[in-house]
Amino acid sequence: MSILVRLERVTCAYDRTPVLVGADLEVGEGEFIGIVGPSGSGKTTMLRALLGAVRPLSGTVRRRPGLTVGYVPQIETVNWTFPVTVLETVLMARTAGRHLPWPSAQERRDAGTALARLGLAGLGRRHIGELSGGQQQRVFIARALLQQPQLLLLDEPTAGVDVRTRHEVLHLLADLNAEGLAILLTTHDLNGMAAHLPKLVCLNTEITGVGPPEAVLTPEVLERTYGAPMDVIEHAGMRVVLDRPGAYGDNVVRLPQRGTA
Ligand code: ADP
Ligand code: MG
């Protein structure tokens, strides 16, 4: 397996406090990896380090020469009042930074093909802010694919989308991966997303575990990652992670009964 990107003892900080410490990671051709960890654990920072958008304080990021990387940001971080259509958003992949930003006929056709592939045919003229969260997510995936990347990085691609959209996104990514695209995503969703992926990286500033779900979705690794005890059960051949009852004292919230005085 040829290595696309490698982090070697990478430490990153925005001011003085390191938010990613001593990370070692290899992303190989055709891999499909999920990064999991609590909020603030350094997931986005790790993606940005792989992308080359943040410069490590120490350590090295090695990218295969000529590697193209597509990046799909977390949709909550996008400014939806920006007056741009779906087609224009997708075409930015090709035209950004060019002296003359007007797309060629071929580029418009490619963008149309990418939108159709993602089930967005006919939505090209819509304002991006008019779409649902799942559709917006797919617009950004279409934009990244137009760059014909060998590696696709996605930040929380299923955050804030409904169950059906989550399934659609996961199936789409699985299809792209089956065609040879290496994928690395971050997710908060252990059961709906992470447990379905072939390989996970658990993160809590430092990497706390790397391996298939069977190896890392364990009470030991989860406690190191989330700092709280969790239980793991087996259901239909899959790992299912549960908050442990009573981990924070009595966690049963008793609401007042309606209809009683
Ligand atoms: P995650 O994606 O796991 O929630 P992040 O990588 O976004 O974690 O953030 C890790 C830590 O770095 C957090 O404490 C966050 O507040 C901090 N951080 C993230 N981005 C910046 C920034 N641009 N400037 C300063 N601190 C930041
Ligand atoms: Mg994040």
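To convert, count from 1 in the sequence shown and add 267; that's my numbering.
The C-beta atom is built at its ideal place from N, Cα and C for all residues, glycine as well.
Since the structure is predicted, the reported quantities are computational estimates derived from the model, not experimental observations.
Residue i CB to nearest heavy atom of the ligand MG below 8 Å
{"i": "D422", "result": "yes"}
{"i": "T492", "result": "no"}
{"i": "K310", "result": "yes"}
{"i": "T453", "result": "yes"}
{"i": "Q341", "result": "yes"}
Near the ligand ADP: residue i beta-carbon under 8 Å from a heavy atom
{"i": "P305", "result": "yes"}
{"i": "L313", "result": "As written in the sequence, residue 313 is Met, which differs from the Leu given in the question. Within the cutoff, so yes."}
{"i": "V286", "result": "yes"}
{"i": "L470", "result": "yes"}
{"i": "Y338", "result": "no"}
{"i": "D282", "result": "yes"}
Residue i vs residue j beta-carbon contact at 9 Å
{"i": "P424", "j": "L448", "result": "no"}
{"i": "Y338", "j": "L421", "result": "yes"}
{"i": "L287", "j": "T327", "result": "no"}
{"i": "I252", "j": "L470", "result": "Here the chain comprises residues numbered 268 to 528, so residue 252 is not present and cannot be evaluated."}
{"i": "I474", "j": "D291", "result": "yes"}
{"i": "A426", "j": "T454", "result": "yes"}
{"i": "V488", "j": "G504", "result": "no"}
Bridge partner(s) assigned by DSSP for residue i
{"i": "I270", "result": "G295"}
{"i": "D422", "result": "T453"}
Original post:
Curious, which full-length beta strand (DSSP E) runs of at least 3 residues does the region 435-513 contain?
Top reply: The region 435-513 contains, as complete beta strand (DSSP E) runs of 3+ residues, the segments 449-454, 466-471, 473-478, 497-502 and 505-510 (chain order).
**OP:** Give, in chain order, every unbroken run of the beta strand (DSSP E) that is at least 3 residues long and sits entirely within the region 323-398.
**Re:** Fully enclosed beta strand (DSSP E) runs of no fewer than 3 residues occupy 325-330 and 336-339 of the region 323-398, in order along the chain.
**OP:** Let me know the beta strand (DSSP E) ranges lying completely inside the region 273-316, each 3 residues or longer, listed in chain order.
**Re:** The qualifying runs are 285-295 and 299-303.
Original post:
So does the region 461-481 actually touch the region 320-336, counting three or more Cβ pairs closer than 8 Å?
Top reply: The region 461-481 is not in contact with the region 320-336.
**OP:** Check whether the region 327-334 touches the region 380-400, taking contact to mean three or more Cβ pairs, one atom from each stretch, closer than 8 Å.
**Re:** No, because fewer than three Cβ pairs between the region 327-334 and the region 380-400 fall closer than 8 Å, the two stretches do not touch.
Subject >> At least 3 beta-carbon pairs within less than 8 Å: the region 403-415 vs the region 349-360 >> reply: Result yes; three or more Cβ-Cβ pairs closer than 8 Å.
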